[in-house]
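Reading through the structure tokens given below for one structure.
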Amino acid sequence: MRLANKIALVTGASRGIGRGIAERYAQEGAKVAIVYNRSKEPADQLADSIKAAGGEALTFQHDVRDPSGPATITEKVIEAWGTIDILVNSAGITRDGLFLQLSDEDWTDVIATNLNGTFFFCRAAGRHMMSKRTGSIINISSVAAQHSNKGQSNYAASKAGIDALTRTLAAELAGRKVRVNAIAPGFIETDMTESVRAKAGDVIKGAIPLKRYGSTADIAAAAVYLASEEASYVTGQVLVVDGGLSIGAVA
Amino acid sequence: MSQDEIFQKVTTTLVDALGVDEDEVTKDATLQGDLGAESIDFLDIVFRLEKNFDIKIPRGDLFPDEKLFSDPNFVQDGRMTPAGLAELRNRMPFADLDEFAKNPSVKELSSLYTVETIVRYIETKLKG
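In order, the protein sequence lines correspond to chains A and B.
Basically this note's numbering = 1-based index in the first sequence + 177.
Basically this note's numbering = 1-based index in the second sequence + 4.
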């Protein structure tokens, strides 16, 4: 097991990519704190399945837009398990629309959830990791941060913000042996991308050099690597996991 | 709490925060020059002092904010102006600024951040 006895906190862990990472971390021996917002039932079910397999899990309901929660949640995790070794910021939303038609809420909700939420948890866990002189933070970005998707100005801006935040935090925390990296998934088979995949049919799949959509397991594998000692010399990076989509290959 | 007790606790704090040996932590040791503190270490020192002494240290209270040193009223040509020095004395009444005032170069600011400065700051905080 590659994360035996590690303590991980994963936001957005009840569904999609965050869930895939939480499940895999537990399989690799980590104790997992599951942070969810609206999906209580899937979060409880995930915690139950981790425990049934002999692992340990805690659940926390929290809206990541709220800056007051992360300090309390990290304190509770430390109280229960003694430390936090790994933070994964995976909570994210989309509110797609051409930018001229985006409402104020469409913009601010996406920035507040994806970018502010990531910052708030990095700050809370980073403070602890800094003092412990160890830790790995993994922020879930997107290929949309670097490549244009019409109708995703809010989402792309939030994810580009995450990339910049990741690099800056990596520089600030490197002296304390805390590594900060991001993963930029391409098209992953989750609820979030379902409508886009349905609309585009095989067009997107055809543009992906590896000719398939990614799975949450593909992202979880990258997240295990970045959290593990095998990535002990990797910080400030955005690891693209997109089946080659972003290399811009032309047939 | 006596000054000696405060010093002992500050020493423990700095040993934990900076990974230095206890005998390196003398009262006149500077945090950066002698104890090798980097910018992020200053934050850790503040967090640990808050915990160890059960006090709240507002941002910029112990170690002045960088903003002070980018204000052209307070710093010109890399040196603190008389107004800057007055502001520094105002913000750090617990620090001995007399030596620094003779050559108030911003580069020399690190000489103000000594173990003694922290001890005196904690003393004033505990007296309330």
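Here a beta-carbon is modelled for each residue, glycine too, at the ideal position from N, C-alpha and C.
What residue range is occupied by the uninterrupted alpha helix (DSSP H) comprising B:Lys129? Position 125 of the second sequence, counting from 1, holds the residue named residue 129 of chain B. Element bounds for B:Lys129: 119–131.
Would you call B:Met5 buried or exposed, if buried means 16 or more other Cβ atoms sit within 10 Å of its Cβ? Along the second sequence, read from residue 1 onward, the residue named residue 5 of chain B stands at position 1. Exposed, since its Cβ has fewer than 16 Cβ neighbours within 10 Å.
The stretch 181–198 of chain A touching the stretch 389–408 of chain A, judged by at least three CB pairs closer than 8 Å: yes
If we require 4 or more residues per run, which alpha helix (DSSP H) segments fall completely within the stretch 353–398 of chain A? 368–377, 379–384
Within the continuous alpha helix (DSSP H) that includes B:Ile10, where are the two ends? As a working note, residue 10 of chain B is residue 6 in the second sequence. That run of the alpha helix (DSSP H) goes 7–22.
According to DSSP, simplified to helix, strand and coil, what is A:Tyr402? One-based indexing of the first sequence puts residue 402 of chain A at position 225. Residue state, collapsed to three classes: helix.
Return the residue from the list B:Glu112, B:Ser109, B:Thr121 that minimises the CA-CA distance to B:Phe98. Your numbering for residue 98 of chain B matches position 94 in the second sequence. Minimum Cα distance to B:Phe98 is reached at B:Thr121.
Under a three-way DSSP split, which group does A:Gln414 fall into? Stepping through the first sequence from its first residue, residue 414 of chain A is reached at position 237. In the structure shown, A:Gln414 sits in coil (DSSP, three-state: anything other than H, G, I, E or B).
Buried or exposed for B:Gln80, going by 16 or more other Cβ atoms inside 10 Å? Reading the second sequence from its first residue, position 76 is the one you call residue 80 of chain B. Under this definition B:Gln80 is an exposed residue.
Name the two residues that bound the continuous alpha helix (DSSP H) containing B:Leu39. For the purposes of this step, residue 39 of chain B is identified with residue 35 of the second sequence, where counting begins at 1. No alpha helix (DSSP H) holds B:Leu39; DSSP gives it neither H nor E.
Looking at the structure shown, is A:Thr290 part of a helix, part of a strand, or coil, going by DSSP? Numbered from 1 along the first sequence, position 113 holds the residue referred to as residue 290 of chain A. If DSSP states are grouped into helix, strand and coil, A:Thr290 belongs with the helices.
Chain A beta carbons: is any one of them nearer than 9 Å to that of B:Phe51? Taking the second sequence and counting its residues from 1, one reaches residue 51 of chain B at position 47. So yes, B:Phe51 belongs to the interface.
Is the CB-CB distance between A:Ile227 and A:Val265 below 9 Å? For the purposes of this step, residue 227 of chain A is taken as the residue at position 50 of the first sequence. For the purposes of this step, residue 265 of chain A is taken as the residue at position 88 of the first sequence. No, they are not a contact pair.
Thinking A:Tyr332 and A:Ala348 are a contact (beta carbons under 8 Å), I'd like their distance in whole angstroms, please. Counting from one through the first sequence, the residue named residue 332 of chain A turns up at place 155. Counting from one through the first sequence, the residue named residue 348 of chain A turns up at place 171. Between A:Tyr332 and A:Ala348 the beta-carbon gap is near 25 Å, outside 8 Å, which marks them as no contact.
What's the call for B:Gln7, buried or exposed, on a 16-neighbour Cβ count within 10 Å? To locate residue 7 of chain B, count along the second sequence from 1; it is residue 3. Burial call: exposed.
Cβ atoms of A:Ala337 and A:Val436: under 9 Å apart, would you say? Lying outside 178 to 428, the shown extent of chain A, residue 436 of chain A is not represented and no answer is given.
Count the other C-beta atoms from every protein chain shown that fall within 10 angstroms of the C-beta of B:Asp100, then say buried if there are 16 or more, exposed otherwise. Numbered from 1 along the second sequence, position 96 holds the residue referred to as residue 100 of chain B. It is exposed - the Cβ of B:Asp100 has fewer than 16 other Cβ atoms within 10 Å.
Let me see if you follow: with CB-CB separation under 9 Å, is A:Arg300 close to chain B or not? What you label residue 300 of chain A is simply residue 123 of the first sequence in a count that begins at 1. No, its Cβ sits nowhere closer than 9 Å to a Cβ of chain B.
Report all residues from its chain with a CB closer than 7 Å to the CB of A:Thr412; omit the five preceding and five following residues, and keep chain order. Taking the first sequence and counting its residues from 1, one reaches residue 412 of chain A at position 235. Correct list, in chain order: Ala347, Ala351, Arg356, Val357, Asn358.
Since A:Asp262 contacts A:Ile184 with CB under 8 Å, what's their CB separation in whole angstroms? If you number the first sequence from 1, residue 262 of chain A lands on position 85. If you number the first sequence from 1, residue 184 of chain A lands on position 7. At roughly 5 Å, the Cβ-Cβ gap stays under 8 Å, so A:Asp262 and A:Ile184 are in contact.
Looking at chain B, which residues of the stretch 284–316 of chain A have a Cβ within less than 9 Å of any of its Cβ atoms? From the stretch 284–316 of chain A, only Arg304, Met307, Ser308, Arg310 have a Cβ closer than 9 Å to chain B.
Taking 9 Å as the CB-CB cut-off, is A:Leu350 touching chain B? Here residue 350 of chain A refers to the residue found at position 173 of the first sequence. Taking Cβ atoms only, chain B reaches closer than 9 Å to A:Leu350, which makes this a yes.
Counting only runs that start and end within the stretch 231–316 of chain A, where is the beta strand (DSSP E) found for 3 or more residues in a row? 234–238, 263–266
Going by C-alpha distance, which of A:Arg374, A:Gly421, A:Gln222 is nearest A:Thr236? Against the first sequence, residue 236 of chain A aligns to sequence position 59. Proximity to A:Thr236 across A:Arg374, A:Gly421, A:Gln222 peaks at A:Gln222, based on C-alpha coordinates.
For B:Met84, list the residues DSSP reports as bridge partners. As a first step, residue 84 of chain B must be located in the second sequence, where it is residue number 80. Note: B:Met84 sits in a beta bridge opposite B:Val79.
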